[in-house]
Amino acid sequence: MQASFKTTCCYCGVGCGVVVHRDRQGRLTVEGDKDHPVNRGMLCSKGMNLHYTVTDTSDRLMHPEMRYSRNSPRQRVSWEQALDRTAAVFKAIIEKHGPDAVAFYASGQCLTEEYYVVNKLIKGFIGSNNIDTNSRLCMSSAVAAYKMSLGEDVVPGTYDDIEQTDCIFVAGANPAWCHPILWRRIEAARAANPRLKIIVSDPRVTQSCTMADLHLQLHPGTDIVLHHAIGRLLIEQGKTDAAFLQQHTNGYEKYREMVMQRSITEAALICGIPDTAIYDAAHYIGEAKGFMTMWTMGLNQSVVGVHKNLSLINLHLITGKIGKAGSGPFSLTGQPNAMGGREVGGLSNLLPAHRVLDNPAHRQAVQEFWGGVPLSDKPGLTATEMFTALNDGRLKAIWIMSSNPLVSLPDVRFMEAALQKAKFVVVQEISNKPETLAYADVVLPAAAWAEKEGTMTNAERRISYLHKITDAPGEALPDAEIICRFAKKMGYKGFDYANAGEIYNEHCRLTAGTNIDISGLNYQLLKEKRSVQWPYPDGTKDHGTPRLFTDHSFYTPNKKANIHSFDDENNSEPINDTYPLILTTGRIRDQWHTMSKTGKVSKLKQHITSSFLEIHPEDARERNIRQDDLVEVKNERGTVRVKAQLCTTIKKGVVFLPMHWGKILNSDLNRANNLTNNIVDPISKQPDLKYAAVQVLRY
Ligand code: SF4
């Protein structure tokens, strides 16, 4: 039967609405949803090709597989056999080594309901907090900074602020490629308001710089110096909001003293930009009525990622440009549902509805709600810590769900060696491509986007409903159903859900009375509304809460926002004579993360067909490297061998590799994360993926 379904794109955190048409033969086509408040009918190249990810089943996992020993090949088995054995092994490990000997590694691409049940399983019934996700690699520095400054993990504003602002500072991000529909809204806002100023800070001249009034091409790792210098100028030029500072903030005096310690000339020298550029940036921000900041991995994926975030948020707090139309700090989410995952507590240091582990009342409330075992107050292992624990034997079993860590984690050769040491590995996946499958004792085939229903939350706190449109191939099952079947095999009560709606409604009830209260938004109502911005407590009308802090009352104990002060040091791996270049990594326009979905769409491969190294011509000349020469990028952790792309758009002394490529024909020489290191931010535990010391030689 012919039908059309309104749903949501499953790639980035922009959260565009799509309409999927299914014809009588079951063929799917996709178009942008003209009625959707986020994208208003527009889709980027990835969104326009979404349907191929499900219609092309050539790489799909169809049946559970299992092996009985490391030396024997995996065989096709039934779901019963796979889950019986998995439960038996988990029980044996937990009995012998305790609950912290097992872990789940999930994904910002999971639906909220999937996150909810796996989090409930490990924290509420197994009795460990060992669940983390690839969101640790993406958003955790922004999360920590929001909590420290605003008292809660919340994005204060809404995309509609784009049309109401007159200054946007894009820091360490390339939304023109990575959040394209948002960028089109910025382009349209600029066309409608030529006074809109756009500032971009990035060591590379990216597509986002083409529309910028000011590009601050700073040295990697110097963002805090830049933000502090802008803060100093705003203070000196009288552009702060004295009333706001006095009534609604803590910590301003200390901040003022701190930013005065470094002159603008000194700051400019450290950042590698002209001091006039810092004056221009402060002028644009100071003169603006509405001021937005947007950032992604350039700030988050850093050993000082939390401080980078705080230093940017401070610019809003000293100018009072938060909680107002056209103003606010806006972290752009890389993954489609990183925020939904945090709502249900799906990280090793969180509990549902943004409750916290170290609060006994929070633990007790959740335990009583779930009816399982007492919740542990010991933070679980984070993404990189899980692999360290596999390596040293503390962790025995790992369950990897909808993620491809052997491409995306830093120092990935170490991670491979660690996975090799695991006693038991479960991989729950849609595709036969991820490198983790080589280590799996049990493989569980999962349903993909459009083959299951549920919800996700985008970067502006918008919860969206996703339709099931087509059946999953073979015996693949929705992730939530796999986890619930396993939980029942373990003998746990409370996993008998009839459908995704029942899981969602349970999550809703658990948010009542919290800062992210959505108790007024049951599944049926969400399906009718299609998308709503939280909070949405009982009695809320319309489409939720687009903007927070309009009364300037923050979620801290004294209701004032915290202006934090700290030095501007970057603690990344230092370059030296052997490894004199800084490697930074990032995304390209038409690929998504580790390419297990976009990599099979031929239209998306046409833009850039293979990995490459961007290098400045002067750095290339010193090494006798010419355009398209094969080069080796090296350090003590590994090697990458790709063609050189000489370009003046990258800062001298810096080289760039795309992060998407993994192993090709058993060679890992395209994989950027062979070279990155697993130093993490001490607060957020997010890895320093944007900064590694390397050497480049002609091969
Ligand atoms: Fe999908 Fe993001 Fe593109 Fe929108 S911008 S269509 S959410 S990938």
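Residue numbers (this note's numbering): 6 to 704.
Just so it is clear, CB atoms sit at the ideal spot from N, CA and C, and this is done for glycine as well.
These numbers come from a predicted model, not from an experiment.
Other residues of its chain near residue i: CB distance less than 7 Å, five sequence neighbours each side excluded
i, result
"Leu515", "Pro357, Ala358, Phe374"
"Phe160", "The amino acid at residue 160 is misidentified as Phe; the sequence shows Val. Excluding sequence neighbours, Val160 sits near Phe335, Ser336, Ala464, Glu465, Arg466."
"Asn54", "Val606, Lys608, Leu609"
"Asp363", "Asp382"
"Lys602", "Thr58"
"Glu421", "Leu411"
Bridge-paired residues (DSSP) for residue i
i, result
"Cys172", "Lys202"
"Lys11", "Val24"
"Ser469", "Met461, Ser536"
"Trp375", "None, per the DSSP bridge assignment."
"Met71", "Gln80, Val447"
"Gln433", "Met406, Leu449"
"Glu36", "Val24"
"Met297", "Ile173, Gly333"
"His703", "One point to set straight first is that residue 703 is Arg, not His, in the sequence displayed. DSSP output for Arg703 lists Val636 as bridge partner(s)."
"Ile136", "Phe109"
"Phe661", "Thr589, Glu619"
"Leu355", "Val361"
"Asn255", "Asn567"
"Ala698", "Ile587"
"Leu482", "Ala451"
Counted within 10 angstroms of its Cβ, other Cβ atoms place residue i as buried (16 or more) or exposed
i, result
"Ser436", "buried"
"Lys401", "buried"
"Leu187", "buried"
"Leu670", "exposed"
"Gln691", "buried"
"Val361", "exposed"
"Tyr289", "buried"
"Gly156", "buried"
"Ser223", "A small fix is needed here, since residue 223 is Leu in this sequence, not Ser. Answer is buried; the Cβ neighbour count reaches 16."
"Ser341", "Residue identity differs from the one stated: residue 341 is Pro in this sequence, not Ser. Under this definition Pro341 is a buried residue."
"Pro379", "exposed"
"Ala197", "exposed"
"Asn354", "buried"
"Tyr696", "buried"
"Met265", "exposed"
"Glu440", "buried"
"Ala517", "exposed"
"Ser672", "exposed"
"Leu702", "exposed"
"Thr91", "buried"
"Lys564", "exposed"
"Thr281", "exposed"
"His612", "exposed"
"Leu88", "buried"
"Lys259", "exposed"
Cut-off 6 Å between Cβ atoms - residues of its own chain near residue i, not counting five sequence neighbours on either side
i, result
"Leu322", "Thr254, Ala566, Ile568"
"Tyr528", "Gly506, Tyr509, Asn510"
"Lys326", "Phe296, Ser332"
"Ala423", "Phe392, Leu395, Asn396"
"Val24", "Ser9, Lys11, Glu36, Asp38"
"Ala293", "Asp171, Cys172"
"Phe617", "Val647, Lys648, Gln650"
"Thr211", "Asn179"
"Glu623", "Lys657"
"Met664", "Thr590, Ala677"
"Ala366", "none"
"Val432", "Ile405, Thr441, Leu442, Ala445, Val448"
"Ser206", "Ala176, Leu221, Leu223"
Short CB-CB distance (under 7 Å) between residue i and chain D
i, result
"Ala287", "Protein chain content of the structure displayed is limited to a single chain, and chain D is not contained in it."
Close Cβ partners of residue i (< 8 Å) along its chain, the five nearest in sequence each way excluded
i, result
"Gln700", "Thr583, Tyr584, Pro585, Leu586, Val638, Lys639, Asn640"
"Phe130", "Trp375, Gly377, Val378, Ala492, Met495, Tyr497, Gly499"
"Asn629", "Arg703"
Point to revise | Continuous beta strand (DSSP E) assignments of at least 3 residues falling wholly in the segment 390-421 | key: Correct list: 402-406.
- request: Can you check the segment 664-691 for any beta strand (DSSP E) of at least 3 residues that lies completely inside it and give the ranges in chain order?
  value: Whole beta strand (DSSP E) segments, 3+ residues: zero.
For the segment 180-252, list the beta strand (DSSP E) runs that are entirely contained and at least 3 residues long, ordered along the chain. At a cut-off of 3 residues, the continuous stretches assigned as beta strand (DSSP E) that sit fully inside the segment 180-252 are 202-206, 219-221.
TODO: Mind listing, in chain order, the continuous beta strand (DSSP E) runs of no fewer than 3 residues lying wholly within the segment 568-655?
DONE: Runs found: 586-591, 617-620, 635-640, 643-651.
- Query: Hey, is the segment 546-565 in contact with the segment 142-160, meaning 3+ C-beta pairs nearer than 8 Å?
  - Reply: Three or more pairs of CB atoms, one per stretch, sit closer than 8 Å, so the segment 546-565 contacts the segment 142-160.
Exercise. Taking 8 Å as the threshold, find out whether the segment 669-686 comes into contact with the segment 407-416 through three or more Cβ pairs.
Key: Three or more beta-carbon pairs separated by less than 8 Å link the segment 669-686 to the segment 407-416, which places the two stretches in contact.
- Query: Quick one: any contact between the segment 467-487 and the segment 443-457, if contact means 3 or more CB pairs under 8 Å?
  - Reply: Yes: at least three Cβ pairs fall under 8 Å.
Contact the segment 303-319 vs the segment 129-148: 3+ CB pairs below 8 Å:
Three or more beta-carbon pairs separated by less than 8 Å link the segment 303-319 to the segment 129-148, which places the two stretches in contact.
| request: Evaluate contact between the segment 262-281 and the segment 224-238, counting only Cβ atoms and requiring at least three cross-stretch pairs below 8 Å. | output: Taking a contact to require three or more Cβ pairs closer than 8 Å, the segment 262-281 and the segment 224-238 qualify as touching.
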